[in-house]
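Take a look at the structure set out below.
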């Protein structure tokens, strides 16, 4: 960590799908490298995430959707008790992902004149469901903060200064507040209680800048890969998005992973592998795919050739060398049809596409078909909900994408951005 920078403590509320929690942790480490991460286990399994080597709040308990406020106060008490170093405490849900660096600097700049910041800070009207529920339980909250008017925020990404956290932990009526949180029937109380407590305790509160959250942080709908690509291009003062489907093969999630890892898996660059070359610029494997055949498979470039490989238990075997005059790292994808698709840069410039018919006896490779004559860095080749293939590349920090006209011309249309 850089000791000259302010430190964020990200508190992640988790409950299941450990592989996605691990990926979120790696995502935060990549895009917010100066930050600390702690977990609160709000699920059914008390041992969940215990092997991730990330501190877990010891008072974690099962939480019900609609009242997650205990997660905040219990995690704050714990990190203060054990002395974790931080300047800002920020809560995140498990369906959040970062997609660019700069959030740490943004928080430091924004919090110079405030101790609390929330997404969509507002004085709610009658259309806000949580606020209407709160009115029916208003008497419970009058001892703690002003209830006319009340402030509301969106739950994800609430920012607390360390000074504010200490005030909440040392609050003289904290036990009564915790009891009220446990007993309230108000749905979404976490979107009300802490912003109003911050105001009541005399701290400056503020809204996230509108351009930071308006298009990227919301309740629903989930981001699609095309919308995400467009938003990343258009809204430069944005760093994370919510919600991303908590499904491993969700295409928007996969796009972010590719931005994060740049299609690089260090375990595939070892000397004992068949595509290895002493000159590191002369070889590059795609990421692995567990295919319908049950094998782990990939496509690797060695010098200017593309070769398909599959793994049988521990050993890799080559099948076909199907392309020449290529460069860079290939993209390998198995679509819903069961066909293999590959995209790779050509050494003369541009990007081309190859595909293999896995239902033919000879398993013949076809191509190349030109996707674009532009020089872009390949990021992802995948499939839209419509079934059409989509290729996304990076050019001068912009995401450009092309869509195949499946079932008609079979040509590639684009670029879109």
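Residue numbers (my numbering): 175 to 591. Note that CB positions come from ideal geometry on N, CA and C, so glycine has one too.
Quiz item: Hey, residue 542 and residue 528: beta-carbon distance below 7 Å or not?
Solution: Contact flag set, yes.
Self-check item: Cα-Cα separation between residue 242 and residue 518, rounded to whole angstroms
Solution: About 46 Å.
Quiz item: What's the call for residue 333, buried or exposed, on a 16-neighbour Cβ count within 10 Å?
Solution: Of the residues assessed, residue 333 falls on the buried side of the cut-off, its CB having 16 or more other CB atoms within 10 angstroms.
Self-check item: Coarse secondary structure for residue 528, derived from DSSP in three states
Solution: It is a strand residue.
Practice problem: Mark residue 390 as exposed unless 16 or more other C-beta atoms lie within 10 angstroms of its C-beta, in which case mark it buried. | Solution: Classification of residue 390: buried, given that the 10 Å Cβ count is 16 or more.
Practice problem: Taking 7 Å as the cut-off, decide whether the C-beta atoms of residue 185 and residue 265 are in contact. | Solution: Yes.
Quiz item: If you run the structure through DSSP and keep just helix, strand and coil, what is residue 335?
Solution: It is a strand residue.
Practice problem: Let me know the secondary structure DSSP gives residue 175 once reduced to three states. | Solution: Its pLDDT being 48, under 50, residue 175 is placed unreliably in this model, and the coordinates cannot settle the point.
Quiz prompt | Contact under 7 Å by Cβ, residue 554 with residue 525 | solution = Contact annotation: residue 554 and residue 525 have beta-carbon atoms that are not nearer than 7 Å.
Quiz item: If you compare alpha carbons, which of 464, 444, 463 is closest to residue 457?
Solution: Residue 457 has its Cα closest to that of 444, out of 464, 444, 463.
Exercise. Report the three-state DSSP secondary structure of residue 595 (helix, strand or coil).
Key: Missing from the structure shown is residue 595; the chain here goes from 175 to 591 and no further.
Quiz item: How about the stretch 409-417 and the stretch 379-396: do they share at least three Cβ pairs that are nearer than 8 Å?
Solution: Contact holds: three or more Cβ-Cβ distances are below 8 Å.
Quiz item: Roughly how many angstroms lie between the CA atoms of residue 505 and residue 471, to the nearest whole one?
Solution: For residue 505 and residue 471, the distance between alpha carbons rounds to 12 Å.
Quiz item: If we count the other Cβ atoms within 10 Å of its Cβ and call it buried at 16 or more, is residue 210 buried or exposed?
Solution: Counting other Cβ atoms within 10 Å of its Cβ, residue 210 reaches 16 or more and is therefore classed as buried.
Exercise. Kindly indicate which three-state DSSP category residue 315 falls into: helix, strand or coil?
Key: In this structure, residue 315 counts as helix in the three-state DSSP scheme.
Quiz item: When you compare only the Cα positions, how much space is there between residue 208 and residue 278?
Solution: So the alpha carbons of these two residues sit roughly 8 Å apart.
Practice problem: Can you tell me which of 409, 532, 375 puts its alpha carbon nearest to the alpha carbon of residue 274? | Solution: It is 409.
Quiz item: residue 212 bridges to which residues according to DSSP?
Solution: Note: residue 212 sits in a beta bridge opposite 185.
Quiz item: residue 605 and residue 305: beta carbons closer than 7 Å?
Solution: In the structure displayed, the chain extends from 175 to 591; residue 605 sits before or after that span and is not available.
Quiz prompt | Alpha-carbon to alpha-carbon, residue 310 and residue 343 | solution = For residue 343 and residue 310, the distance between alpha carbons rounds to 27 Å.
Self-check item: Beta-ladder partner(s) of residue 238, from DSSP
Solution: In the DSSP output, where bridge partners are listed per residue, residue 238 has 241.
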